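Scroll down for the structure; my scribbles are underneath it.
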Amino acid sequence: MQRASADSVVVLDFETTGLSPQYGDRAIEIGAVLLENGVIVDRFQRLMNPGFRISPFIESYTGITNEMLKVEPPCEEVMAGFSDFIAGHNIVAHNASFDRRFLDFELKRARRAYEGDCCCSLLLSRRIYQDAPNHKLQTLVNHAGIPKVGSFHRALADAEMTAHLWLSMIDRIRQHYGVQAIFFDQLTELSKIDKLYAHRYLTDLANG
DNA sequence: TGCCAGGCCCTCTTTAGGGCCTT
Numbered sequence: 001m002q003r004a005s006a007d008s009v010v011v012l013d014f015e016t017t018g019l020s021p022q023y024g025d026r027a028i029e030i031g032a033v034l035l036e037n038g039v040i041v042d043r044f045q046r047l048m049n050p051g052f053r054i055s056p057f058i059e060s061y062t063g064i065t066n067e068m069l070k071v072e073p074p075c076e077e078v079m080a081g082f083s084d085f086i087a088g089h090n091i092v093a094h095n096a097s098f099d100r101r102f103l104d105f106e107l108k109r110a111r112r113a114y115e116g117d118c119c120c121s122l123l124l125s126r127r128i129y130q131d132a133p134n135h136k137l138q139t140l141v142n143h144a145g146i147p148k149v150g151s152f153h154r155a156l157a158d159a160e161m162t163a164h165l166w167l168s169m170i171d172r173i174r175q176h177y178g179v180q181a182i183f184f185d186q187l188t189e190l191s192k193i194d195k196l197y198a199h200r201y202l203t204d205l206a207n208g
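Take the first sequence: its letter number 56 is residue 56 in UniProt numbering, and every next letter is one higher.
Here it is, written out as structure tokens:
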């Protein structure tokens with residue numbers, strides 16, 4: 001099997017009604033970009049109707065209103081289409097455990113499943129940008145000098161900025177450590193090791 | 001309408017507690 005390059009992935013972001021699908025929360029927007037060799041070559045963005053009114057807090061937080069959602073298709077219909085978009089790709093998300101819970105929950109309701117691997121840009125940023133004031137997406141975008149795209153807390157904009165953050169971390173590894181080719185599973189492993197050993201891990205990668 | 005979770009990670013730790021991150 002051919003090893004997956006780190007810069008050919010789908011970067012995704014959910015907007016949801018809350019924090020936990022186990023307590024009744026649902027997805028209301030999915031945004032994703034397909035990176036191929038470090039370039040965004042495709043985009044996916046859909047609003048979806050969760051079947052109940054969303055709270056004023058979520059309306060204010062995301063800018064997505066009940067008025068906007070009432071004409072949108074149900075989650076199951078949107079997620080069936082998204083399942084086709086991510087098929088065959090590894091995925092990246094900022095605080096991926098959150099997005100993965102909603103991805104698995106909504107795909108299960110749509111009678112679909114995702115079998116690929118998942119890497120967390122938040123965990124990775126704690127190893128790569130140890131000098132950042134914090135590791136919120138908005139802070140890291142400013143810290144890394146990434147151009148702002150659209151509005152924070154909208155799915156496609158957050159996915160696109162997360163994709164540029166992902167690429168900036170790959171560039172930083174290449175420039176600082178001289179790593180020529182870096183693979184998805186290596187970044188996944190880096191995101192999970194004790195961050196004190198991140199420097200040693202990257203030095204070992206550079207030395208083969 | 002308002003509430004909720006969970007994994008990572010640090011430290012005044014490991015027989016625990018609490019902040020960070022996501023909506």
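Just so you know, even glycine gets a beta-carbon here, dropped at the ideal spot from N, CA and C. Bear in mind the structure is a predicted one, so any value in this text is a computation, not a measurement.
Worksheet item: Does the beta-carbon distance from Y117 to T188 come in below 8 Å?
Response: For the purposes of this step, residue 117 is identified with residue 117 of the first sequence, where counting begins at 1. For the purposes of this step, residue 188 is identified with residue 188 of the first sequence, where counting begins at 1. Contrary to the premise, residue 117 reads as Asp rather than Tyr in this sequence. If you check the CB distance, D117 and T188 come in under 8 Å.
Practice prompt. Name the one or two DSSP bridge partners that Q49 has.
Written response: As a working note, residue 49 is residue 49 in the first sequence. The sequence given here places Asn at residue 49; Gln does not occur at that position. P74, per the DSSP bridge assignment.
Worksheet item: Taking just the CA atoms, how far does T65 sit from V71?
Response: Stepping through the first sequence from its first residue, residue 71 is reached at position 71. Stepping through the first sequence from its first residue, residue 65 is reached at position 65. So the alpha carbons of these two residues sit roughly 11 Å apart.
Discussion item. If I follow the unbroken beta strand (DSSP E) through L35, where does it start and stop?
Written reply: Indexing the first sequence from 1 puts residue 35 at position 35. From DSSP, the beta strand (DSSP E) with L35 extends over 27 to 36.
Worksheet item: Counting along the chain, where does the alpha helix (DSSP H) carrying D104 start and finish?
Response: By 1-based counting over the first sequence, the position of residue 104 is 104. Following the DSSP letters along the chain, one finds D104 inside the alpha helix (DSSP H) bounded by residues 96 to 109.
Practice prompt. With distances taken Cα to Cα, identify the nearest neighbour of A159 among N37, D42, D25, A6.
Written response: Stepping through the first sequence from its first residue, residue 159 is reached at position 159. Here the closest residue by C-alpha is D42.
Practice prompt. Check each candidate in M161, R154, L137 and name the one with the smallest Cα separation from K148.
Written response: Counted from its first residue, the first sequence places residue 148 at position 148. Out of M161, R154, L137, M161 has the C-alpha closest to the C-alpha of K148.
Worksheet item: Exposed or buried, which one is T62 when buried takes at least 16 other CB atoms within 10 Å?
Response: Along the first sequence, one-based indexing puts residue 62 at 62. A residue is called buried once 16 or more other Cβ atoms fall within 10 Å of its Cβ, and T62 is buried on that count.
Worksheet entry | Straight-line Cα distance separating L202 from S191 | Looking up residue 191 in the first sequence gives position 191. Looking up residue 202 in the first sequence gives position 202. Their Cα atoms are separated by approximately 12 Å.
Worksheet item: How many Å lie between G150 and L156 at the Cα?
Response: Here residue 150 refers to the residue found at position 150 when the first sequence is read from its first residue. Here residue 156 refers to the residue found at position 156 when the first sequence is read from its first residue. For the pair G150 and L156, the Cα-to-Cα distance works out to about 8 Å.
Item to complete: Going by DSSP, name the residue or residues bridged to L12.
Response: Sequence index remark: in the first sequence, residue 12 carries index 12 (1-based). As a beta-bridge residue in DSSP terms, L12 pairs with A32.
Discussion item. Going by C-alpha to C-alpha distance, which of I193, F184, R112 sits closest to A87?
Written reply: By 1-based counting over the first sequence, the position of residue 87 is 87. Cα-wise, what sits closest to A87 is R112.
Item to complete: For P5, collect the residues of the same chain with a Cβ closer than 6 Å to its Cβ; drop the 5 residues on either side in sequence, then sort them by chain order.
Response: To locate residue 5, count along the first sequence from 1; it is residue 5. The sequence shown places Ser at residue 5, rather than the Pro named in the question. Taken in chain order, the list of residues that qualify is empty.
Discussion item. Mapping the DSSP letters down to three states, classify I58 as helix, strand or coil.
Written reply: Taking the first sequence and counting its residues from 1, one reaches residue 58 at position 58. Assignment of I58 by DSSP, reduced to helix, strand and coil, places it in the helix class.
Worksheet item: Exposed or buried, what is D99 when buried is set at 16 or more other beta-carbons lying within 10 Å of its beta-carbon?
Response: Locating residue 99 in the first sequence gives position 99, counting from the first residue. Classification for D99: buried.
Worksheet entry | Backbone CA spacing between Q175 and E115 [nearest angstrom] | Counted from its first residue, the first sequence places residue 175 at position 175. Counted from its first residue, the first sequence places residue 115 at position 115. So the alpha carbons of these two residues sit roughly 32 Å apart.
Item to complete: Could you say which of Y23, I193, D185 lies nearest to R3 if we only look at CA atoms?
Response: Taking the first sequence and counting its residues from 1, one reaches residue 3 at position 3. Of Y23, I193, D185, the residue nearest in Cα terms is D185.
Item to complete: Apply the 10 Å Cβ neighbour rule to E29 and answer buried if 16 or more other Cβ atoms are within range, or exposed otherwise.
Response: Numbered from 1 along the first sequence, position 29 holds the residue referred to as residue 29. By the 10 Å Cβ count, E29 comes out buried.
Worksheet item: Does the distance from the C-beta atom of Y129 to that of L140 stay below 8 Å?
Response: Here residue 129 refers to the residue found at position 129 when the first sequence is read from its first residue. Here residue 140 refers to the residue found at position 140 when the first sequence is read from its first residue. For the 8 Å CB-CB criterion, Y129 and L140 form a contact.
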